Each structure stands twice: as structure tokens, then as C-alpha cells.
Ligand SMILES: Cc1ncc(COP(=O)(O)O)c(C=O)c1O
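Residue numbers (the working numbering): 26 to 404.
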């Protein structure tokens, strides 16, 4: 299904922008459409309120931003450069642009967000860097295919491969193990390429793998990580983390030109402080992962439903029989069906509860029962 055929966020309206605010919307049953539908976690909200007191220096010269950046250095056990931007598309695009010249190319998986969901922003912000696509199981580009893309052409007429971009967890909810990442790193090093990691859900990856953040970032050779705050419980804010600090040269100018340098930067940086300070980011991510696991286990038990990819973080992809799908839709459940290789995608967030999962499973089972009754009547 292409983007034009996407289901609207609110089923009864064509577009959120044309929605009349006075119209009642049943908000209770939207939890699984995306981890973007969740609100702010209380600590992020509280941090915004705290940061709101008084005035402070603008454009990232404030103490909140300095503290958040230092916490990232502590979490990653490394002297990295940290920047904050408003959203994931900007984080990925600007990070990639800082790794490439316009005549370079970025190799990524065919279903990567940078390819399918960023409206050409990576190419735009890098002034034309080409994205080359590799296929592979579970949202991970097959390394043999990546190597073929790197070595296939060495002539001046071909956009020179410069970056491998990977997503952790992948767009299909699967994870790279530290070992797999080391293999990506060694391939990149062998050919002098850099590594960009789209970590919109990096927190969920660390929580699921139970490894130190360094093990799936700089130790594996990642040069730049885009670490998602939005999907960790914020309203906005993504951290662009340069482990290779040479690559961050003039990144602040890049952000400014792209309209991504927040003048009141404290509102992007302060929410990270309570999350990073005492491991809260991992507790919330683990909660999202647990919900997804329960959902996956529950769906698997309903006859006719097939789980499409291993549930390793906070996404569940399932093939639903049409009657169950229609029944869920009619009961107000909302989830996407255009992401990945088809099927329904259920996304869990920091705020997904056991009750939410149980309610969805109940309605799936109800849909299954209705299907059986209809079949009996037709006999
Ligand atoms: C894998 C991935 N990367 C990046 C993003 C961030 O995108 P946005 O620009 O909507 O914040 C998302 C959001 O859905 C995502 O799923």
C-alpha cells in the first residue's frame, strides 16, 4: 500500500488538519497505531515544567542542555558530541548529510525509514546523496548484498558508497545483536564506510538486549546514532550523538539552516535529564517491550492469526484474517497495515498497559467467534 492509501489517524476523518476540534474522538482505542500516539511520560512533563521556571541562555547554551549532553556521555561511557533536534526525520537526514558529500551514496535496507518515510529528506539535506537499497530478512540488509553494492562499481560515474545506515530495532521490530553489529562494523571498516544508526527506538533495543549502550553503538563502529526521545515518552526531541566527533564539525550550522536549532533548546534537552539520570529510559522501554511480547503471545494463540516477524522489541506484526480485522476496525481499534511487508502492525509504547493488551486480545477473540458463527450459519 502506498502512502496515499494510508489509513487516516482518526478513522472518521480524512486528515487531522481538517478535523473539527469539537468533534468527539474516541481516544481510548488508539494505543496500538504507533508509539507516537502516546502522551508525554510524567517525568518528561515535569522536566518541562521545571525548565520553564525563569529564563536562561538560548540556542543550547543553557545548563539543562549541558547536563543532558553530559548524561549521554555517562550512559555511553564515551566522550561524544550531542545535539538535540525536533524529530526523527531531521535527526536522520542531518546526521546522514554530515557523513556524506552530495556525490556519495548511503546503503540501507529497502524498508528503512530513511528510504520509505522521510519524504526524500536525507537526499534533500545532503544535496542529492543517493540512497542505495539492499534487501534482507527481518529489516536487516544482507551483508553480502551490501558488499556487492559497495564493490560493484569503482568508476567515477557511480555515486561513491560512503555510509551504511541501519535501524535498531529495525522497522520490522527485530533486533541486531551486538555480534551482528560488529559484522556490519567490520564490513564498513573494510571498505572505508561510515555507519549511521537510526535509533528512533534505541531505548527499546537496549532494554531488550540487556547490554550496555556502548555495545550496540560505538563499540560496534557506529559513527552517529539518532536516539529517539519521542518514542521514549517525550513530545519532541531526538538526540544526534556523534561518537566520531570529527564528523560533527559545524553540525550546529546544519541544524540552524534546516530550522532545527531550537532557540529555547532547554525544552528539547531538559526531558532527557530525569530519563537518563537513573535508568528510567530503560524501565519505560522495557514496559513497552513487555506489552508487545504479551500481545504477540496472545495473538499467536488465536487460531488464524499469524505472527509475521519475531517480536523482539515493542512492535508486533501479525497477519489477521479479514473478519478479525474488520471486527477490530468496527470496535474502534486502530493500527497500521501499510508498514513493513503487509499485515497489521501493533506498536506498544511506554504507556501501554496490560489492560490495553487484554482488551485488544479480547476483541480479536470476539472477532474470531463472530467469524465462526457466520461460518456456521452459512453451512
Ligand atoms: C525507524 C524510525 N525512524 C525515525 C522515525 C522518526 O520519524 P519522525 O520524523 O516522524 O519523528 C520513526 C518514526 O516513526 C521511525 O519509525
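Here a beta-carbon is modelled for each residue, glycine too, at the ideal position from N, C-alpha and C. Every value quoted in this text rests on a predicted model; they were computed, and no experiment measured them.
| Query | Result |
| --- | --- |
| Euclidean distance between Cα positions of residue 58 and residue 370 | 7 Å |
| Contacting residues, own chain, Cβ-Cβ under 8 Å from residue 325 (five flanking each side not counted) | 332 |
| Sequence ranges, alpha helix (DSSP H) only - wholly within the segment 213-301, length at least 4 | 227-234, 276-282 and 291-294 |
| Spatial neighbours of residue 272 in its chain, beta-carbon cut-off 7 Å, leaving aside the 5 residues before and after | 123, 124, 248 and 249 |
| Any non-hydrogen atom of ligand 1 closer than 8 Å to residue 226 Cβ | yes |
| Alpha-carbon to alpha-carbon, residue 76 and residue 292 | 7 Å |
| Proximal residues to residue 307 (C-beta, below 8 Å), its chain only, five neighbours per side dropped | 228, 231 and 232 |
| Residue of 92, 103, 102 and 99 minimising C-alpha distance to residue 109 | 92 |
| Heavy atom of ligand 1 within 8 Å of residue 192 beta-carbon | yes |
| Simplified DSSP assignment, three categories, for residue 40 | Note that residue 40 has pLDDT 44, beneath the 50 cutoff, so the model's placement of it is unreliable and no number is given. |
| Contact test: residue 20 Cβ vs ligand 1 heavy atom, cutoff 8 Å | For the chain, the structure presents residues 26 to 404; residue 20 sits outside this window and is missing. |
| C-beta atoms of residue 96 and residue 320 nearer than 9 Å | no |
| For residue 242 and residue 222, believed in contact at Cβ under 8 Å, the rounded distance | 7 Å |
| Residue span of the alpha helix (DSSP H) that contains residue 134, given as start and end | It is not in any alpha helix (DSSP H) - residue 134 instead sits in the beta strand (DSSP E) that spans 129-134. |
| Chain C contact for residue 234 (CB, 9 Å cutoff) | Absent from the structure is chain C; it holds one protein chain and no more. |
| Beta-carbon proximity list for residue 225, same chain, < 6 Å, skipping 5 on both sides | 113, 253 and 256 |
| Residue from 176, 190 and 73 whose Cα sits closest to the Cα of residue 154 | 190 |
| 8 Å contact criterion, which residue 137 and residue 168 should meet: CB distance rounded | With 8 Å as the limit, residue 137 and residue 168 do not qualify as a contact, their Cβ atoms being about 15 Å apart. |
| Residue 379 versus residue 81 - alpha carbon distance | 41 Å |
| Pairwise C-alpha distance: residue 260 and residue 322 | 30 Å |
| Near ligand 1: residue 140 beta-carbon under 8 Å from a heavy atom | no |
| Reduced DSSP secondary structure (H/G/I, E/B, other) of residue 179 | coil |
| Same chain, Cβ closer than 7 Å to residue 337, five either side skipped, listed in chain order | 194, 198, 199, 200 and 233 |
| Top-ranked residue by Cα proximity to residue 294, from 212, 264, 166 and 56 | 264 |
| heavy atom of ligand 1 below 8 Å from residue 82 C-beta | no |
| Where residue 303 sits in the DSSP three-state scheme | coil |
| Straight-line gap, residue 376 to residue 66 (C-alpha atoms, nearest Å) | 8 Å |
| Residue interval of the beta strand (DSSP E) (run including residue 370) | 369-372 |
| Sequence-distant residues of its chain with Cβ nearer than 7 Å to residue 206 (five each side left out) | 241 and 245 |
| Nearest candidate by alpha-carbon position, reference residue 343, set 72, 365 and 355 | 365 |
| Candidates 349, 239 and 180, of which the one nearest residue 204 by Cα | 239 |
| Counted within 10 angstroms of its Cβ, other Cβ atoms place residue 350 as buried (16 or more) or exposed | buried |
| Contact under 9 Å by Cβ, residue 384 with residue 339 | no |
| Proximity test, residue 167 beta-carbon vs ligand 1 heavy atom, cut-off 8 Å | no |
| Assigned secondary structure, residue 108 (DSSP; H/G/I helix, E/B strand, else coil) | strand |
| As assigned by DSSP and simplified to three states, the class of residue 141 | helix |
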